[in-house]
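Chains A and B, in that order, are what the protein sequence lines are. Under UniProt numbering, the residue at position 12 of the first sequence is numbered 12, and the numbers go up by one with no gaps. Under UniProt numbering, the residue at position 377 of the second sequence is numbered 377, and the numbers go up by one with no gaps. We put the beta carbon where it would ideally sit given N, CA and C, even for glycine.
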Amino acid sequence: MSQYYLLQDPKKCIGCLSCEVACKIKNGLPVGPRLCQIMTVGPKMVNGLPRMAFVFMSCFHCEDPWCVPVCPTGAMRKRPKDGIVYVESSLCVGCKSCITACPWGAPQWNPETGKVVKCDYCMDRIDQGLEPACVTKCVTHCLHFGRADQLDTERRQRFARNVAFELETLASSR
Amino acid sequence: MSKDVYSICFMCTVRCPIRVQVENDDVTWIEGNPHVPGIEGALCAKGSAGVALLNDHERPQYPMIRTGPRGSGQWRRATWDEALDYVAEKLQAILKQYGGQSVVFGERTNLNTHISKTFTRAIGSPNHFTHDALCKGSVNTAFRSLTGYTDTEVGIDYGNTRYIVLYGRNIFESLEIKSINMLLSAMEKGAKMTYIDPRVSITATKADRYWMIRPGTDLALNYALIHTILKERLFDTDYVRRWVTGLNELQAFVEPYTPEWAEKETGIPASEIVTLAREASEVKPAVVFHYGYRGAHHPNEIHLRRSIVILNALMGSIEAKGGLFFKKGAKAAGRGDLGKYNQQEGLPKPSAPRFDGSGGDKFPIADSNHGNPQTLAHAILNEDPYPIKALIVNRFEPLQSLPDANTVRKALDKLDLIVTIEVNFSEIAWYSDVILPESIYLERADSIQMASGLKPQLFIRCQAVSPRYDTKPAWMILKELAGRLGVGRYFPYETIEDIWNFQLKDMGVTLEDFAKKGFVALTDSQIFWDRKDGIKFKTPSGKIELVSSLMEKAGFPSFEPYQPVERPAEGTFRLMVGRCAAHTHVSTQNNLYLNELVPENELWIHSAAAAKLGVKDGQKVEVRSPVAASTLKAKVTDAIHPEAVFMLHGFGKTVPAQTRACGKGASDTVLVENISDPVGGSPALDHTFVTVRPA
């Protein structure tokens, strides 16, 4: 696993697809490949209310990625310093082995270049101290980027805040 | 060379502040202005897709003069001088023969509206209109009838609200970034949201309570809410005593409208209506009954919008933290006003009545600052009240915004001159005699924006890159046209800096003040008026007038008995229209990236109704209204009321130059009948019944 983690707060996500366009612009992509994509599920009734899920899918940057060893040219690789999985475009021959190998559809086909393209967490931006494009421009700031160990804490804090509020209402209604 | 340019987005009318990164005269990155609270880098899909608009080959690239029949797509390329000379010559002949009033200028309200209004008046025409009435004319009138202010002078304190009720205000799809971030943070702090809509929008899926109301019956719901609030004395007594007149008349009026009565009309259980009234009352005045963004659904729209404002008045939430507030401008911040060219001394005030009867015989109390353009086709076809010969539009789309578009097209045929100032090959551009291509917002600077609010601020749109094509800003196009018509003296500027300096002359602000963050705050702290003595209502009584002097004087009753909403016959549905997050009204359907996200619209139809009609999900269906028929794909779902069908607005383009959007989906305005709310001024865009069958 790369040392980074991209956390989506599903409660705040409104499925506006801003992340998809931010990514495409940043990477200069044509129509077709979507390095990140919101997969919409629903609406379905949950406890009497209509609910929808917006599942953010990009690349998990696996610790032991399926896509890397199957690449015959070494184009698909893992960055040693932080574990980001990326394509060295000049080496990609468009064989699509990585597309076949990845269980989550992370590597995408770029019909304009005849090569594979995938999420690299905008590593050029990260190297400048910035966040990935999708995170920076997320309309509701529901996407968070950081080191995996730190985001765990953030998730716990959020949970604690919610629980604390529940307690507050319980207490005040007595 | 790389530089940052602070500017204002214009992919939609919300106009979020942005930071644009430019390298070698090319835009490499756009993000929301990181210095603005609630924005902090955020930018919606449309905003990012501005880069695709900039680089799009499928937009007008130079002035064009029509050579074949209207709409044939036969054009010749012209120089700016040729095109402007051509327009000026035609206009001059029309002005001479038919007078100034025979020219109509229409646009979507924008930062340069003071300049286009100047142009219209300078050539002697009273006929400048904006798109506003088509969207929210009745919301505007409702607010004026009760408070003396228009809806645009009112804002919502989303960040501090504790209870918000949305009537089809699909806030998470028809989105304003700052507002929704404020609202989401309030919801994190425990604010509760109720969403009411015959259709399950994304907003419905985020709400704490959702009511799939029977289409068109929101007014019945509100009468029952008011009934309950008055009966149980759930209102803010101090506020109402101090600031509200006409409570007894209201109480007598709502007497028969019990929650049980409303349940039969709306389908919402009476007990739930009572619960909502009580819950809201508990946290008043930090309550928002949202008055809507679009308020153009039914002919009694004025009464629905008034009932919503009245609910806020009863909660004491008008000018309250967490409720509604009056936007404070430069004066409240102790400054002079932003200069406007249409306030120049000596600018003619045309004496002819408006073509659309706005503020006159047809819409006596509608806001004639915006007009009521839904009468455009009638006025042209019947020469009522006089012949109209020329139409100039800027970023306004009569053929996809005005109801009954086929009749509009027929009316256009009767004009001697149609000129479009545009960034897209819109339907109207393609049907024009001359296209004057406008530089897009990244290629131009515009007049300074006064962002009135609790903390009034000034924002500025700066030019990020040079125009990709042979295009110009509208303020320059109008100046050059005015010069040719002998009225150039009302456009005393050469550059955008001249405009800015004129605007800022009484503000105590200089251009340098914008450099650091792209905006200038005029105060440090929020300006609320004192709820005890300081609220400056602009009605004759200085209070919220439930019995409205504005309406009563014009002969309109303040309260109108409820008329039951007709139930559609089997196989017949109420056609509803709306928005999604990926598109702006009618203007982005051909954008490379936005088209990829949402390429066409579908007809939402309830699964039970679809089964009866033999319509399957994804199948093409014909939708037929009393005025037209169209085909599009069906989306069979339980997420819509069985009496309604729904489609997204702005599809069904017919212009071949927009290759990505042309022929995709259906246009709602072709199907919608031209019916209006004569009091409020909006067209009734959700009032048409349609039949559906497999195509």
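query	result
Interface flag, B:K206 vs chain A, CB-CB below 8 Å	yes
Candidates B:G41, B:G47, B:D26, B:P17, of which the one nearest B:A581 by Cα	B:G47
Endpoints, the beta strand (DSSP E) within which A:V31 is located	Counting along the chain, A:V31 falls outside any beta strand (DSSP E), and DSSP gives it neither H nor E.
Selected residue, minimal CA-CA separation from B:L247, among B:K231, B:V104, B:G50, B:H687	B:K231
Rounded separation between B:E260 and B:T141 - CA only	30 Å
Proximity winner among A:Y4, A:C13, A:K24, relative to B:L597 (alpha-carbon distances)	A:K24
Any beta strand (DSSP E) of 3 or more consecutive residues that is wholly inside the region 296 to 379 of chain B	324 to 326
Chain A contact residues for B:F425, given Cβ-Cβ distances below 7 Å	None at all; the shortest Cβ gap to chain A is about 19 Å.
Counterpart residues of B:V623 in DSSP-defined beta bridges	B:S630, B:V692
CA-to-CA distance, A:G146 to A:D152, given in whole angstroms	10 Å
Where B:M507 falls: helix, strand or coil (DSSP)	coil
Cβ pair B:A445, B:C462 closer than 8 Å	yes
Classification of B:S72 by the beta-carbon crowding that lies within 10 angstroms, buried from 16 upward	exposed
Interface flag, B:C12 vs chain D, CB-CB below 8 Å	Any reference to chain D falls outside this structure, whose protein chains are A and B.
Proximity winner among A:G83, A:V55, A:T40, relative to A:D64 (alpha-carbon distances)	A:G83
Where B:I392 sits in the DSSP three-state scheme	strand
Chain A contact for B:A609 (CB, 8 Å cutoff)	no
Cutoff 8 Å: A:T113 Cβ touching any chain B Cβ	no
Buried or exposed by the 16-neighbour rule on C-beta atoms within 10 Å, applied to A:V93	exposed
Span separating the alpha-carbon of B:S682 from that of A:E154	48 Å
Neighbourhood of B:P373 by C-beta distance below 7 Å, restricted to the same chain and skipping five residues each side	G106, F129, A133, L134, D356, L402
Where B:Q101 falls: helix, strand or coil (DSSP)	helix
Coarse secondary structure for B:V288, derived from DSSP in three states	strand
Distance, B:V586 Cα to B:A397 Cα	As written in the sequence, residue 397 of chain B is Glu, which differs from the Ala given in the question. Approximately 8 Å, taken between the alpha carbons.
Contact under 8 Å by Cβ, B:V465 with B:L603	no
Cutoff 8 Å: B:C662 Cβ touching any chain A Cβ	no
Pairwise C-alpha distance: B:A390 and B:L91	7 Å
Exposure label - B:S281; buried when at least 16 CB within 10 Å	buried
Interface partners of B:V51 on chain A, CB under 8 Å	I25
Straight-line gap, A:L17 to B:V520 (C-alpha atoms, nearest Å)	31 Å
Selection of the UniProt domain "4Fe-4S ferredoxin-type" (50 to 81) of chain A by Cβ proximity to chain B, strictly under 7 Å	P50, R51, M52
Identified DSSP bridge partners for A:A50	For clarity, residue 50 of chain A is Pro in the given sequence; the question names Ala instead. Its beta-bridge partners are A:M45.
Beta-carbon proximity of A:M76 to A:C62, cut-off 8 Å	no
Cβ neighbour criterion (16 or more within 10 Å) applied to B:S7	buried
Terminal residues of the alpha helix (DSSP H) in which A:M123 lies	123 to 127
Alpha carbon of B:D638 to alpha carbon of B:V408, nearest angstrom	35 Å
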